[in-house]
Amino acid sequence: MEFIINFLVAAVAAGTPLLFGTLGEIMNEKVGHLNLGVEGMMSIGACAGLLAGYHTDNFIIALAAAFLAAALSALVYALLTVTLMANQNVTGLTLTIFGIGLSNFIGIWALEHSETGTLKLPEMITAQMRDIHIPGLSDLPVAGPLLFSYSPFVYIGILIAIVLAFYLNKTKSGLNLQAIGHNPGAADAAGIKVTQYKYASILLGGGICGIGGAYCAMIINGGVWVNNNVGGLGWIAVALVIFANWKPVNAIGGSFVFGALRILKYYVPKSIFPLPNAFYDMMPFLITALILVITSMRKKRNLSLPAHLGNNYFREER
Amino acid sequence: MKKVLSLLLVLALTLSCLTGCGSSGGDEAETTAAAGAETAAAEEEDAGAEGEGVMPAIAKEDIKVGVIHLSDPAEGSGYTYTHDQGIIGMQENLGLSDDQIVRKNSVDDTNVSEIDTAIRECIEEGCNIIFATSWGYMDTCEALAEEYPDVIFSHGTGYKCNGVNFNNYFGRIYQARYLSGIAAGLKTETNKIGYVAAMGQDNSEVTGGCDAFAMGVYSVNPEAEVYVKVTNSWFDPEGEKQAADALLAEGCDVIGQHCDTPNPQLAAEEQGVWGVGYNSDMSKDAPDAVLTSVVWDWSVYYTKAVESVINGTWTGENYYEGLAEGLVDIAPLADFCAEGTEEKINEAKEKMLSGEWDVFSGLIETNEGEIVCEEGQTLDDATITGGINWYYKNVVVK
Numbered sequence: 257m258e259f260i261i262n263f264l265v266a267a268v269a270a271g272t273p274l275l276f277g278t279l280g281e282i283m284n285e286k287v288g289h290l291n292l293g294v295e296g297m298m299s300i301g302a303c304a305g306l307l308a309g310y311h312t313d314n315f316i317i318a319l320a321a322a323f324l325a326a327a328l329s330a331l332v333y334a335l336l337t338v339t340l341m342a343n344q345n346v347t348g349l350t351l352t353i354f355g356i357g358l359s360n361f362i363g364i365w366a367l368e369h370s371e372t373g374t375l376k377l378p379e380m381i382t383a384q385m386r387d388i389h390i391p392g393l394s395d396l397p398v399a400g401p402l403l404f405s406y407s408p409f410v411y412i413g414i415l416i417a418i419v420l421a422f423y424l425n426k427t428k429s430g431l432n433l434q435a436i437g438h439n440p441g442a443a444d445a446a447g448i449k450v451t452q453y454k455y456a457s458i459l460l461g462g463g464i465c466g467i468g469g470a471y472c473a474m475i476i477n478g479g480v481w482v483n484n485n486v487g488g489l490g491w492i493a494v495a496l497v498i499f500a501n502w503k504p505v506n507a508i509g510g511s512f513v514f515g516a517l518r519i520l521k522y523y524v525p526k527s528i529f530p531l532p533n534a535f536y537d538m539m540p541f542l543i544t545a546l547i548l549v550i551t552s553m554r555k556k557r558n559l560s561l562p563a564h565l566g567n568n569y570f571r572e573e574r
Numbered sequence: 079m080k081k082v083l084s085l086l087l088v089l090a091l092t093l094s095c096l097t098g099c100g101s102s103g104g105d106e107a108e109t110t111a112a113a114g115a116e117t118a119a120a121e122e123e124d125a126g127a128e129g130e131g132v133m134p135a136i137a138k139e140d141i142k143v144g145v146i147h148l149s150d151p152a153e154g155s156g157y158t159y160t161h162d163q164g165i166i167g168m169q170e171n172l173g174l175s176d177d178q179i180v181r182k183n184s185v186d187d188t189n190v191s192e193i194d195t196a197i198r199e200c201i202e203e204g205c206n207i208i209f210a211t212s213w214g215y216m217d218t219c220e221a222l223a224e225e226y227p228d229v230i231f232s233h234g235t236g237y238k239c240n241g242v243n244f245n246n247y248f249g250r251i252y253q254a255r256y257l258s259g260i261a262a263g264l265k266t267e268t269n270k271i272g273y274v275a276a277m278g279q280d281n282s283e284v285t286g287g288c289d290a291f292a293m294g295v296y297s298v299n300p301e302a303e304v305y306v307k308v309t310n311s312w313f314d315p316e317g318e319k320q321a322a323d324a325l326l327a328e329g330c331d332v333i334g335q336h337c338d339t340p341n342p343q344l345a346a347e348e349q350g351v352w353g354v355g356y357n358s359d360m361s362k363d364a365p366d367a368v369l370t371s372v373v374w375d376w377s378v379y380y381t382k383a384v385e386s387v388i389n390g391t392w393t394g395e396n397y398y399e400g401l402a403e404g405l406v407d408i409a410p411l412a413d414f415c416a417e418g419t420e421e422k423i424n425e426a427k428e429k430m431l432s433g434e435w436d437v438f439s440g441l442i443e444t445n446e447g448e449i450v451c452e453e454g455q456t457l458d459d460a461t462i463t464g465g466i467n468w469y470y471k472n473v474v475v476k
């Protein structure tokens, strides 16, 4: 029993960076922009978040810095694809390469100029960002560790997912935003300000990815600078968007399932299932392939998929 | 949209392929030192009166050293940093100037054309000895050594050599791991010690190191068990942290590691327990957790190698040394180590230094009950570097 609880708690922790990345990418894809730069935006968020935390010792400022820096990198993407109509795939891939390179460059530079030869977050912020402990609630059997024992990041991620779901489906503005992803021409004709919506959504999505990056730097890597600290999670997030069927609430479940798949090899006892680790390493990709096959086999047309995804909107060609 | 989906699938597949490649290239070593020595001896006879060296001496001012690094030494800890500290140490020991060292950083050791370019660039810049620090550089070095007979190629953590201008260097890191196991065995209260291993049972370097650590633990605390979790990757910050977290959740209170990042140590620190770092002194990153670290001092070899080139005594033989030469050691013990740790470690160290006993000597029983080394026997170097595919009796694979 305790073993299962440990596993579930670890799965949530492993799924959290994926949750942020997926939510960010959903906001990009909802306005019809396939942004393959998630990994890069997360890296930039990781670097900005860690450095801000290191210098200010304040968790909120670190989060804000991660959000703003990643949103700024998303602005580059938005400028290129929305205004200048550049190819979305190429721009996104470039953003990934650029983001990883820039964050490593700045991280190494800061490391070389640190006094102790290591970039480690100071005490206060570490206490703020680590797993919460609510007297009474956290001590409950089963429910305590499963619900009230995570880092604040987990609750922030779930909150963002719920707010986004509400915004997209229950508000006029959210429905306008989705209309752009399906048919920007019609949305434009209906008087929706397509370009402004696109910019706002892409920037917001980028910022959310940035918080996921901050999680990688501050929690996964224990608040110490390591190069390439996002380590490919951004790519899994891109795939998870399809898994979540472009729905923010599904993204919560999806990322925790993927988190579980990624740590399975450390928790399944080798004495009971002596499977090689390579088998578990393969699982997330196998599941992604399966989901793609299953979704494509469904007879019903997939209405969640933004119909105009991947295509830029040329107003003059309406 | 189909295109987008297929693109995503292709990306996912590519990524999985990359992950696969990353974990397959191992540091598995197989010593051909004997063969190398024979060739060297033959060469010596050819060279005749030229002393024991097989390559002409190069004046100190004319020496130019090329270094091929796997990542960036500026990272401040880990594998590449440790090698670069060795290069810096060599430079200081021999008094070489900065422009006598050429570094090529972040050379992907699975990308042959990148390795080839990096080494050729070094040669073009006038390097006459090249240190290639990672396993994956080996075959490229071997090929280029033939093409450039005037340049010396020295490759780390592999096994090949041609006895003339291409050799291999590595060390008995298991000796230091044994000593660190003593610190871990004395410190543990739950009698469960975790070990985050980069590679599984088929990799002799990692498995042998883990066994040595476990034997160190056993020597002072026969009750304790060593729980091993394998990440299947030489560099996986997330996996290393998760593996350590899983071990901690199972009740381990000391975390040893054979992987690059300090993440297992940070995970231990977060839980208020202890650990044993690797490569460089990780107490810098996790000062409240690290009992000691298993460290390399590559400057010992780099100094010796470059010096021999200057003196004209370069033999082209493989190099495999340990504690006695100072190539491997443990970092200074933390003051929160258990009582008597230092004495026990010094005792074991003495025995190893005097040569009367080494880690893989005497009765060794695996966790499957097999006897792999009889009383009075010692495993030979070829077995140690290439043939340890068993776990010691107190090791449990988790």
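Keeping their order, the protein sequence lines are chains A and B.
Each residue of the first sequence is one higher than the one before, counting from 257 in this note's numbering.
Each residue of the second sequence is one higher than the one before, counting from 79 in this note's numbering.
Just so it is clear, CB atoms sit at the ideal spot from N, CA and C, and this is done for glycine as well.
Can you tell me whether residue 338 of chain B is helix, strand or coil according to DSSP? In the second sequence, counting from the first residue as 1, residue 338 of chain B sits at position 260. It is coil, neither helix nor strand.
Among A/540, A/472, A/572, A/561, which residue has its Cα nearest to the Cα of residue 299 of chain A? Translated into the one-based positions of the first sequence, residue 299 of chain A becomes position 43. Per the Cα distances, A/472.
Whole runs of the alpha helix (DSSP H) within the stretch 414 to 456 of chain B, excluding any shorter than 4 residues: 419 to 432
Please work out which residues of its chain come closer than 8 Å, Cβ to Cβ, to residue 244 of chain A, disregarding the five sequence neighbours upstream and downstream, and give them in chain order. Beyond the ends of chain A as shown, which are 257 and 574, falls residue 244 of chain A; an answer cannot be given.
Use the C-beta contact count for residue 215 of chain A: other C-beta atoms within 10 angstroms, 16 or more gives buried, fewer gives exposed. Past the boundaries of the shown model lies residue 215 of chain A; chain A is included only from 257 to 574, so the question cannot be answered.
On the DSSP bridge list, what partners appear for residue 371 of chain B? Counting from 1 along the second sequence, the entry for residue 371 of chain B is found at position 293. DSSP output for residue 371 of chain B lists B/355 as bridge partner(s).
Every unbroken alpha helix (DSSP H) inside the stretch 175 to 234 of chain B [4 residues or more]: 190 to 202, 216 to 225
Closest to residue 312 of chain B by C-alpha separation, out of B/412, B/340, B/325, B/174, would be which residue? Here residue 312 of chain B corresponds to residue number 234 of the second sequence, with the count starting at 1. Residue 312 of chain B has its Cα closest to that of B/340, out of B/412, B/340, B/325, B/174.
So residue 144 of chain B is in the beta strand (DSSP E); what residue range does that whole segment cover? Taking the second sequence and counting its residues from 1, the one referred to as residue 144 of chain B is at position 66. Per DSSP, residue 144 of chain B belongs to the beta strand (DSSP E) from 143 to 146.
For residue 98 of chain B and residue 533 of chain A, I'd like the C-alpha separation in whole angstroms. Translated into positions along the second sequence, residue 98 of chain B becomes position 20. Translated into positions along the first sequence, residue 533 of chain A becomes position 277. Reliability of the predicted coordinates at residue 98 of chain B is poor, the pLDDT of 45 falling under 50, and no value is obtained from them.
CB-CB length for residue 279 of chain A against residue 433 of chain A, believed under 8 Å: Residue mapping note: residue 279 of chain A aligns to position 23 of the first sequence, counting from 1. Residue mapping note: residue 433 of chain A aligns to position 177 of the first sequence, counting from 1. No, residue 279 of chain A and residue 433 of chain A are not in contact; Cβ-Cβ is about 14 Å, not under 8 Å.
Residue-level contact to chain B via CB, residue 386 of chain A, 8 Å cutoff: Within the first sequence, numbered from 1, the residue matching residue 386 of chain A stands at position 130. By this cut-off, residue 386 of chain A is an interface position.
Minimum Cβ-Cβ distance from residue 471 of chain A to chain B less than 8 Å: Taking the first residue of the first sequence as position 1, residue 471 of chain A is located at position 215. It does not; no Cβ of chain B falls within 8 Å.
If you reduce the DSSP assignment to three classes, tell me which class residue 280 of chain B lands in. The count along the second sequence starts at 1 and reaches residue 280 of chain B at position 202. In the structure shown, residue 280 of chain B sits in coil (DSSP, three-state: anything other than H, G, I, E or B).
Proximal residues of chain B, C-beta to C-beta of residue 392 of chain A below 8 Å: Within the first sequence, residue 392 of chain A is the residue found at index 136, counting from 1. Simply none; closest approach about 22 Å.
Please classify residue 168 of chain B: is it buried, with 16 or more other beta-carbons within 10 angstroms of its beta-carbon, or exposed? As a first step, residue 168 of chain B is located in the second sequence; it is residue number 90 there, counting from the start. Its Cβ being crowded by 16 or more others within 10 Å, residue 168 of chain B is buried.
According to DSSP, is residue 455 of chain A part of a helix, a strand, or is it coil? For the purposes of this step, residue 455 of chain A is identified with residue 199 of the first sequence, where counting begins at 1. Reduced to three states, the DSSP call for residue 455 of chain A is helix.
How should residue 472 of chain B be labelled, buried or exposed, when 16 other C-beta atoms within 10 angstroms of its C-beta is the threshold for buried? Translated into positions along the second sequence, residue 472 of chain B becomes position 394. With 16 or more Cβ atoms within 10 Å of its Cβ, residue 472 of chain B is classed as buried.
Just verifying my parser: in three-state terms, what is the DSSP assignment at residue 102 of chain B? Within the second sequence, the letter at position 24 stands for residue 102 of chain B. Low confidence applies here, because residue 102 of chain B scores a pLDDT of 40, under 50, leaving its location unreliable; read the following figure in that light. DSSP places residue 102 of chain B in helix when its eight states are reduced to three.
Is the beta carbon of residue 352 of chain A closer than 8 Å to that of residue 296 of chain A? Reading the first sequence from its first residue, position 40 is the one you call residue 296 of chain A. Reading the first sequence from its first residue, position 96 is the one you call residue 352 of chain A. The answer is yes: Cβ separation under 8 Å.
Taking just the CA atoms, how far does residue 379 of chain A sit from residue 481 of chain A? Here residue 481 of chain A refers to the residue found at position 225 of the first sequence. Here residue 379 of chain A refers to the residue found at position 123 of the first sequence. When rounded, the distance between both Cα atoms is 16 Å.
Based on the DSSP output, what are the partners of residue 399 of chain B in its beta bridges? On the second sequence, residue 399 of chain B is found 321 positions in, with the first residue counted as 1. Answer is B/249, bridged to residue 399 of chain B.
Continuous alpha helix (DSSP H) stretch holding residue 300 of chain A: start and end: Here residue 300 of chain A is taken as the residue at index 44 of the first sequence, counted from 1. That run of the alpha helix (DSSP H) goes 294 to 312.
Going along chain B, which residues have a C-beta under 7 Å from residue 523 of chain A? Here residue 523 of chain A corresponds to residue number 267 of the first sequence, with the count starting at 1. Correct list: 324.
Three-way DSSP call (helix, strand, coil) for residue 404 of chain A in this model: On the first sequence, residue 404 of chain A is found 148 positions in, with the first residue counted as 1. Coil, per DSSP.
CA nearest to the CA of residue 400 of chain A, picked from A/261, A/326, A/553: For the purposes of this step, residue 400 of chain A is taken as residue 144 along the first sequence, with counting starting at 1. Among A/261, A/326, A/553, the Cα nearest to that of residue 400 of chain A belongs to A/261.
List in chain order: all unbroken alpha helix (DSSP H) runs of 4+ residues lying wholly within the stretch 360 to 436 of chain A. 379 to 385, 399 to 403, 408 to 426
If you drop the 5 nearest sequence neighbours on each side, which residues of the same chain put their C-beta closer than 7 Å to that of residue 317 of chain B? By one-based count along the second sequence, residue 317 of chain B stands at place 239. Hits under 7 Å: 309, 311.
Kindly identify the DSSP beta-bridge partner or partners of residue 244 of chain B. To locate residue 244 of chain B, count along the second sequence from 1; it is residue 166. For residue 244 of chain B, which the question treats as bridged, DSSP gives the partners B/231.
Give the secondary structure of residue 305 of chain B by DSSP, where H, G and I count as helix, E and B as strand, and everything else as coil. As a working mapping, residue 305 of chain B is identified with position 227 in the second sequence. Here residue 305 of chain B sits in strand by DSSP.
Take residue 241 of chain B as the anchor and find which of B/248, B/438, B/173, B/227 has the nearest alpha-carbon. In the second sequence, the residue the question calls residue 241 of chain B occupies position 163. The candidate whose alpha carbon is nearest that of residue 241 of chain B is B/227.
Does the contact criterion of 3 or more C-beta pairs under 8 Å hold for the stretch 271 to 280 of chain B versus the stretch 333 to 347 of chain B? yes
Would DSSP call residue 480 of chain A helix, strand or coil? Locating residue 480 of chain A in the first sequence gives position 224, counting from the first residue. Correct three-state label for residue 480 of chain A: strand.
For the stretch 230 to 239 of chain B against the stretch 252 to 263 of chain B, are there 3 or more C-beta pairs whose distance is under 8 Å? no
For residue 367 of chain A and chain B, any beta-carbon pair shorter than 8 Å? Working through the first sequence from its first residue, we reach residue 367 of chain A at position 111. Yes, residue 367 of chain A counts as interfacial toward chain B.
Compute the beta-carbon to beta-carbon distance between residue 247 of chain B and residue 232 of chain B, rounded to the nearest angstrom, for a pair I have assumed lies under 8 Å. Stepping through the second sequence from its first residue, residue 247 of chain B is reached at position 169. Stepping through the second sequence from its first residue, residue 232 of chain B is reached at position 154. The Cβ separation is near 6 Å, so the contact holds.
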